[in-house]
Structure formats: structure tokens, C-alpha cells
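Read the structure below first, then the notes.
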């Protein structure tokens with residue numbers, strides 16, 4: 010199945026603006042670039058770390074999201090998004106056993 014965004018929901022978290030996307034698999038995805046920018050991290054490094062983590066790698070997908078960056082107008086962009094649910098590192102370690 011090819012994932013497609015069926016709706017987007019903007020929200021604010023501690024003064025930063027994010028968008029979460031609902032895909033046709035009925036899961037929510039957040040663009041990695043927005044999360045990494047908010048934390049002052051390099052997106053490609055975090056994506057590489059997630060892809061190398063057995064318990065998290067399958068949660069990364071490419072989705073076309075209508076998104077604006079900085080002063081640019083909103084437009085559709087293909088973005089790497091994370092669709093995993095929040096869990097602690099110890100839970101992820103237990104899954105690998």
C-alpha cells in the first residue's frame with residue numbers, strides 16, 4: 010500500500026509549531042525535520058540513528074505533506090516522517106530481546 014496523507018493537523022508545543030499528518034493507514038506521522046529543528050539537531054543524523062535502531066526503523070516513511078519552512082509559502086513536499094508511538098528507551102530494548 011502506498012501511504013498518502015488524508016488530513017493534517019497543526020499544533021503548537023512550547024511555542025514551536027508542528028503539523029501531524031494522518032495517513033491512509035490510519036496512523037499519525039510527524040515530519041522529522043520539524044522535530045529536529047525544534048531540538049537543534051541535524052535531521053539526517055537523527056534519521057540515520059532511527060534507521061539503525063531495529064525497534065524504530067520501520068516507523069520512518071516518506072510522505073507528501075503541505076508544509077512551509079521559514080518564510081517560504083506552504084507547498085507540498087516529500088518529507089521523512091516518523092510514525093512510531095512514544096515509548097521509553099528501555100521498552101525498545103526489551104523488544105529487541
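In this note's numbering, the protein residues as written are 10 to 106.
We put the CB at the ideal spot given by N, CA and C, even for glycine.
Handout entry: Terminal residues of the beta strand (DSSP E) in which residue 88 lies
Key = 84-91
Practice task
Starting from residue 43, trace the alpha helix (DSSP H) both ways and give me its first and last residue.
Solution key: 41-48
Handout entry: Residue nearest to residue 14 in terms of C-alpha spacing, selected from 24, 22 and 34
Key = 34
Problem - Helix, strand or coil at residue 52 according to DSSP, with G and I counted as helix - result: helix
Problem - Rounded C-alpha distance that separates residue 18 from residue 25 - result: 14 Å
Problem - C-beta contact flag for residue 32 and residue 72 at 8 Å - result: yes
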